[in-house]
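*Asks:* The structure under discussion is supplied below as structure tokens; questions concerning it will follow.
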Amino acid sequence: MDRIVISGGSPLNGIIPIYGAKNSALKLQAAALLCGDPLILENMPDLADTRFMVQLLASLGVEITWIKETRTLRMHAAEIASTIAPYDQVRKMRASFNVLGPLLARVGHATVSLPGGCAIGARPVDLHLKAFEAMGADIVIEQGYVKAAALRGLRGAEIEFPFVSVGATEHAMLAAVLAQGDTVLKNSAREPEIADLADCLNAMGARVEGAGTSEIRIKGVTSLKGTKHPVVGDRIEAGTYALAAATAGGDVLLSGARAEHLGALIDVMKAAGVEVRAEDRGLRIKRDASKRLKPVDFETEPFPGFPTDLQAQTMAMLCFADGQSRIRETIFENRFMHAPELARLGAQIAVHGNEAVVTGVDRLIGAPVMATDLRASVSLVIAGLAAEGDTIVNRVYHLDRGFEGLEGKLSACGARIVREKEEQA
Ligand code: EPZ
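Going by our numbering, the first residue of the sequence shown is number 11, and it counts up by one from there.
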């Protein structure tokens, strides 16, 4: 297995381009199943997860052309050849479950493996299934598979989510666009990726209003057409590099990053003493590494609150603060697995249930560490950039799920970071 070796202590200086958002791209890929014309995605991130979705779509009969040089993915679902997403495919990547809604809406039935839990929590899909039932689908769960049918088509419905779910909001949208009549989604998630999905669906001929607010209204249409859509920039990738620059020190321009997508993070970074400025080309992050950071308390929340997907990386930064920071994780029940790994570098973190107390230290010392999930692994990279000596991050495949060209982007800014291939490791 590949590993990443970081020799810490170099500040970051330069420009880092921000690519398309993984968590938007995956749902936009599923949208290709909704119509018989080609859907072309521009600014497509080349990641293990998006490649995996391509394989799943191909197994369902979608014709795929991916021009990596131009970051363009063309998906053409002229015919749906299969409506089954097997266990092996959904187990490897939860977002595969998102093909259920579009298949149900277009073909009237689908059989998709239940995704099951994952390292960060149980992650049920009950809200997704209740939304489809409200739209008239019959759902049975048999031998680990969701078998869904709406042979006379889905009907619009009023659905109020009991709590905010990004996945359930998006999945309900992906089905409701082809339902008969009107759908209202109340207490919807407001993440920028949801507005991006709505923009793409509307360009395909759907009638979605209110995406980005907590009430989304959808007027069903009988068919959709192809379109070309640029994937929104990845706010989590941008936030991650912002935190890397803040932790290691330096001056970095994140080109394409949008301040309005990162308000809660920017507040925390400024409170920690980092300079963050919105410029025409993106966000500029500056920090003088000779000055200690200040501690900050924060808790994760649905957008526009602080994103759970940046919690681990922010914890890595706060390990260096001059004082105690408190972090509360309210989205996932088991998302502090990076804490014991950061402790290997000398961080002082006490976890009690969903709260972590980070007592800053003035230095960390490199060590071998193990990645447990995507965002946790990149928090170890961030800590390694600012630690003394070498940090070796094992199980790099987690990073490859969500960060395209990580070593290249960081080393172009002066970081000493290399990937050792399995045979060298
Ligand atoms: C999306 O997951 C993202 N994944 C996650 O990013 C992100 O952390 C999360 O949203 C929150 O922002 C993708 O977009 C592919 P939720 P999702 O439904 O949609 C519970 C990353 O690192 N819940 O908003 O699965 C759930 O267990 C990943 O890129 C139910 O109980 O998140 C969680 O506690 C990790 N029943 C909470 O709701 C349901 O039916 C919020 O989850 C659905 C969710």
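Where is the CB? At the ideal position from N, CA and C, for every residue including glycine. Fair warning: this is a prediction, and the values are worked out from it, not measured in the lab.
Hey, would you say Leu211 sits closer than 8 Å to Ala349, going by beta carbons?
*Replies:* The residue given as residue 211 occupies position 201 in the sequence shown. The residue given as residue 349 occupies position 339 in the sequence shown. In this structure, Ala349 does not lie closer than 8 Å to Leu211 by Cβ.
*Asks:* Could you compute how far the alpha carbon of Thr250 sits from the alpha carbon of Pro96?
*Replies:* Here the question's residue 250 lines up with position 240 in the sequence shown. Here the question's residue 96 lines up with position 86 in the sequence shown. One C-alpha to the other measures close to 33 Å.
*Asks:* Measuring from the CB of Ile149, is there a heavy atom of the ligand EPZ at a distance below 7 Å?
*Replies:* In the sequence shown, residue 149 corresponds to position 139, counting from 1. Not under cutoff, so the answer is no.
*Asks:* Is any heavy atom of the ligand EPZ found at a distance shorter than 7 Å from the C-beta of Asp136?
*Replies:* The count along the sequence shown starts at 1 and reaches residue 136 at position 126. Yes, since a heavy atom of the ligand EPZ falls inside the 7 Å radius drawn around the Cβ of Asp136.
*Asks:* Answer yes if the region 329-341 comes into contact with the region 293-313, meaning at least three C-beta pairs across the two stretches below 8 Å, and no otherwise.
*Replies:* Yes, the region 293-313 is in contact with the region 329-341.
*Asks:* Consider the C-beta atom of Ser387 and the heavy atoms of the ligand MN; say whether any pair is separated by less than 7 Å.
*Replies:* Absent from the structure shown: the ligand MN. Ligands present: the ligand EPZ.
*Asks:* In chain order, which beta strand (DSSP E) runs of at least 3 residues are fully inside the region 168-212?
*Replies:* For the region 168-212, whole beta strand (DSSP E) runs of length 3 or above, ordered along the chain, are 168-170 and 192-196.
*Asks:* Thinking C-alpha only, which one of Ala182, Ile50, Ile94 and Leu234 is nearest His119?
*Replies:* Within the sequence shown, residue 119 is the residue found at index 109, counting from 1. Per the Cα distances, Ile94.
*Asks:* Could you have a look at Lys238 and say whether DSSP puts it in helix, strand or coil?
*Replies:* Locating residue 238 in the sequence shown gives position 228, where the first residue counts as 1. Lys238: strand per DSSP, three-state reduction.
*Asks:* Considering only their Cβ atoms, is the gap separating Asp192 from Gly222 smaller than 8 Å?
*Replies:* Along the sequence shown, one-based indexing puts residue 222 at 212. Along the sequence shown, one-based indexing puts residue 192 at 182. The answer is no: Cβ separation not under 8 Å.
*Asks:* By DSSP, does Ala274 sit in helix, in strand, or in coil?
*Replies:* Indexing the sequence shown from 1 puts residue 274 at position 264. Note: Ala274 maps to helix in three-state DSSP.
*Asks:* Less than 7 Å between the CB of Ala41 and some heavy atom of the ligand EPZ, yes or no?
*Replies:* On the sequence shown, position 31 is the one that residue 41 refers to. For the ligand EPZ, not one heavy atom lies less than 7 Å from the Cβ of Ala41.
*Asks:* For Gly249, which of helix, strand or coil comes out of DSSP?
*Replies:* Counting from 1 along the sequence shown, the entry for residue 249 is found at position 239. Gly249: helix per DSSP, three-state reduction.
*Asks:* Of the residues Gly424, Pro172 and Lys238, which one's Cα is nearest the Cα of Gly260?
*Replies:* By 1-based counting over the sequence shown, the position of residue 260 is 250. Looking at the Cα atoms, Gly424 is the closest of the given residues.
*Asks:* Between which two residues does the beta strand (DSSP E) harbouring Asn23 extend?
*Replies:* Here residue 23 is taken as the residue at index 13 of the sequence shown, counted from 1. Unbroken beta strand (DSSP E) run through Asn23: Leu22 to Pro27.
*Asks:* Quick check: the Cα distance between Ala386 and Ala252, rounded to an integer number of angstroms?
*Replies:* On the sequence shown, position 376 is the one that residue 386 refers to. On the sequence shown, position 242 is the one that residue 252 refers to. Cα-Cα distance, rounded: 16 Å.
*Asks:* If you count every other CB in all the chains shown that lies within 10 Å of the CB of Leu416, and 16 or more means buried, which is it?
*Replies:* Along the sequence shown, read from residue 1 onward, the residue named residue 416 stands at position 406. That one is buried.
*Asks:* Alpha carbon to alpha carbon, how far is Asp12 from Met380? Give it in angstroms, no decimals.
*Replies:* Along the sequence shown, read from residue 1 onward, the residue named residue 380 stands at position 370. Along the sequence shown, read from residue 1 onward, the residue named residue 12 stands at position 2. Whole-angstrom Cα-Cα distance: 12 Å.
*Asks:* Contact between the region 232-241 and the region 67-79: three or more CB pairs below 8 Å?
*Replies:* No: the two stretches stay apart, fewer than three of their Cβ pairs being nearer than 8 Å.
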